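Below is one structure; the comments refer to it alone.
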Amino acid sequence: MAKIKGAVIIDTERCKGCEVCVVTCPTQTLALAVEVNGKGYHYSYAAFPETCIGCANCAVVCPDGVITVYKLKVE
Amino acid sequence: MTEVKAKDIVKPENLAYKKSKILTDNVMHYCPGCGHGTVHRVLAEVIEEEDLQSKTVGISPVGCSVLMYNYLDIDIQEAAHGRAPALATAVKRLLPDRFVFTYQGDGDLAAIGTAETIHTCNRGENILMIFINNGIYGMTGGQMAPTTLIGMKSSTSPYGRDVATMGSPIKMADIVALLPGTCYVTRQSVNTAAGVRKLKKALKKAVEYQRDKRGTCFIEIVSNCPSGWKMTPVESNKWMEENMFPFYPLGDIKVPKDS
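Protein sequences appear in the order of chains A and P. Residues 1 to 75 in our numbering are what the first sequence spells out, letter by letter. Residues 76 to 334 in our numbering are what the second sequence spells out, letter by letter.
Spelled out as structure tokens, the structure:
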């Protein structure tokens, strides 16, 4: 059965750590990092990248447009 | 099934979502979680998809979004406080082939600019008005706005908005829907992915109606203000769903009869 695998690329320097993407993710792929970025925000990152389905919900709700989503159909 | 590595997925041909090029790479000055950023991004996507970058004139208000020209790579003119619809009228009449929109907050559109808003909608100018309603004056420190909910605390109503002395909140979208000049009036939100996708559809409809010279389009976006409401972004979205949406119900208020 074909399965969709996704990957997210997050511009962590521009991320403000608002956590909206973390709450929106249907597969709990994203989480806020313990470390902070140059501005002092706990940036969002893909904590469980293997669960990503490439639905792009995180990128659609991101107020700062820092998330880019890729997806691939795996046979 | 073979194991797929991230580097196999991250290729240009597998791109599922990327922010529009019209949204510049400048870091937005908005607070974390603010709905303004989301609306800017959706607007940029619609302008790019409709191929309107060189034909758009935006009118930015006074408020948090006053620096909108830093983030959108289109022509933007700044208006005096509340006077964005008047300026948009002038731009549209002088350059009728342009896509003209105003982008205003509730302090701008519903308080100081009420007269301009109502008369522009009544004349049915062919413009799009985007109204960000977060129930508070965000930029100046969270003072009470005309759209503040009954009982809602703000820095100038610390015991909650009292109807006897401060009046009731004003529903601008419902008011302008009664005027004959408006063609499309809708209320949307940007707190969920579904809401953002609906907003994008509404913006595309507004572009189409403006192209067909149908009258004023008015899109109200119920948004959050985490700093003004003194909540985290996630809490503010939840609060908005529980308190703002019952008073400001989402959905189309007025649609053209033939659609």
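Where is the CB? At the ideal position from N, CA and C, for every residue including glycine. Since this is a predicted model, take the numbers as computed values, not measurements.
Check: residue i C-beta below 7 Å from any heavy atom of the ligand FMN
{"i": "residue 253 of chain P", "result": "Among the ligands in the structure shown, none appear at all, so the ligand FMN cannot be discussed."}
Cβ-based burial, residue i [other Cβ within 10 Å; buried from 16]
{"i": "residue 146 of chain P", "result": "buried"}
{"i": "residue 342 of chain P", "result": "Look at the range of chain P in this structure, 76 to 334, and you will see that residue 342 of chain P is not part of it."}
{"i": "residue 35 of chain A", "result": "exposed"}
{"i": "residue 154 of chain P", "result": "buried"}
{"i": "residue 30 of chain A", "result": "buried"}
{"i": "residue 261 of chain P", "result": "buried"}
{"i": "residue 229 of chain P", "result": "buried"}
{"i": "residue 280 of chain P", "result": "buried"}
{"i": "residue 207 of chain P", "result": "buried"}
{"i": "residue 225 of chain P", "result": "exposed"}
{"i": "residue 48 of chain A", "result": "exposed"}
{"i": "residue 73 of chain A", "result": "exposed"}
Same chain only: Cβ atoms within 7 Å of residue i, ignoring 5 sequence neighbours per side
{"i": "residue 174 of chain P", "result": "127, 130, 131, 282, 285"}
{"i": "residue 113 of chain P", "result": "265, 271"}
{"i": "residue 66 of chain A", "result": "10, 11, 14, 15"}
{"i": "residue 53 of chain A", "result": "4, 6, 27"}
{"i": "residue 329 of chain P", "result": "252, 257, 259, 260"}
{"i": "residue 24 of chain A", "result": "57, 58, 61"}
Alpha-carbon to alpha-carbon, residue j and residue i
{"i": "residue 215 of chain P", "j": "residue 45 of chain A", "result": "33 Å"}
{"i": "residue 2 of chain A", "j": "residue 28 of chain A", "result": "22 Å"}
{"i": "residue 316 of chain P", "j": "residue 210 of chain P", "result": "13 Å"}
{"i": "residue 167 of chain P", "j": "residue 201 of chain P", "result": "7 Å"}
{"i": "residue 186 of chain P", "j": "residue 21 of chain A", "result": "33 Å"}
{"i": "residue 13 of chain A", "j": "residue 38 of chain A", "result": "6 Å"}
{"i": "residue 69 of chain A", "j": "residue 103 of chain P", "result": "21 Å"}
{"i": "residue 227 of chain P", "j": "residue 220 of chain P", "result": "11 Å"}
{"i": "residue 87 of chain P", "j": "residue 319 of chain P", "result": "40 Å"}
{"i": "residue 106 of chain P", "j": "residue 179 of chain P", "result": "17 Å"}
{"i": "residue 257 of chain P", "j": "residue 235 of chain P", "result": "34 Å"}
{"i": "residue 273 of chain P", "j": "residue 326 of chain P", "result": "9 Å"}
{"i": "residue 170 of chain P", "j": "residue 249 of chain P", "result": "29 Å"}
{"i": "residue 172 of chain P", "j": "residue 162 of chain P", "result": "16 Å"}
{"i": "residue 51 of chain A", "j": "residue 71 of chain A", "result": "12 Å"}
Beta-carbon neighbours of residue i, restricted to chain A and to distances below 8 Å
{"i": "residue 108 of chain P", "result": "16, 18, 19, 20, 63"}
{"i": "residue 377 of chain P", "result": "Because chain P is modelled from 76 through 334, residue 377 of chain P falls outside the range shown and cannot be assessed."}
Contact set for residue i: own chain, Cβ-Cβ below 8 Å, skip 5 residues either direction
{"i": "residue 108 of chain P", "result": "299, 301, 307, 308, 309, 311, 312"}
Cross-chain neighbours of residue i in chain P, by beta carbon under 8 Å
{"i": "residue 24 of chain A", "result": "267, 268"}
{"i": "residue 60 of chain A", "result": "92, 268, 271, 272"}
{"i": "residue 41 of chain A", "result": "107"}
{"i": "residue 70 of chain A", "result": "84, 85, 86, 89, 90, 91"}
Chain P contact residues for residue i, given Cβ-Cβ distances below 9 Å
{"i": "residue 37 of chain A", "result": "None at all; the shortest Cβ gap to chain P is about 11 Å."}
Cross-chain neighbours of residue i in chain P, by beta carbon under 7 Å
{"i": "residue 125 of chain A", "result": "Since the first residue shown for chain A is 1 and the last is 75, residue 125 of chain A is missing from the structure and cannot be characterised."}
Rounded distance between the beta-carbons of residue j and residue i, thought under 8 Å
{"i": "residue 183 of chain P", "j": "residue 157 of chain P", "result": "5 Å"}
{"i": "residue 296 of chain P", "j": "residue 110 of chain P", "result": "7 Å"}
{"i": "residue 144 of chain P", "j": "residue 134 of chain P", "result": "Not a contact, Cβ separation roughly 11 Å."}
Within chain A, the residues that residue i reaches when beta carbons sit closer than 7 Å
{"i": "residue 113 of chain P", "result": "61, 63"}
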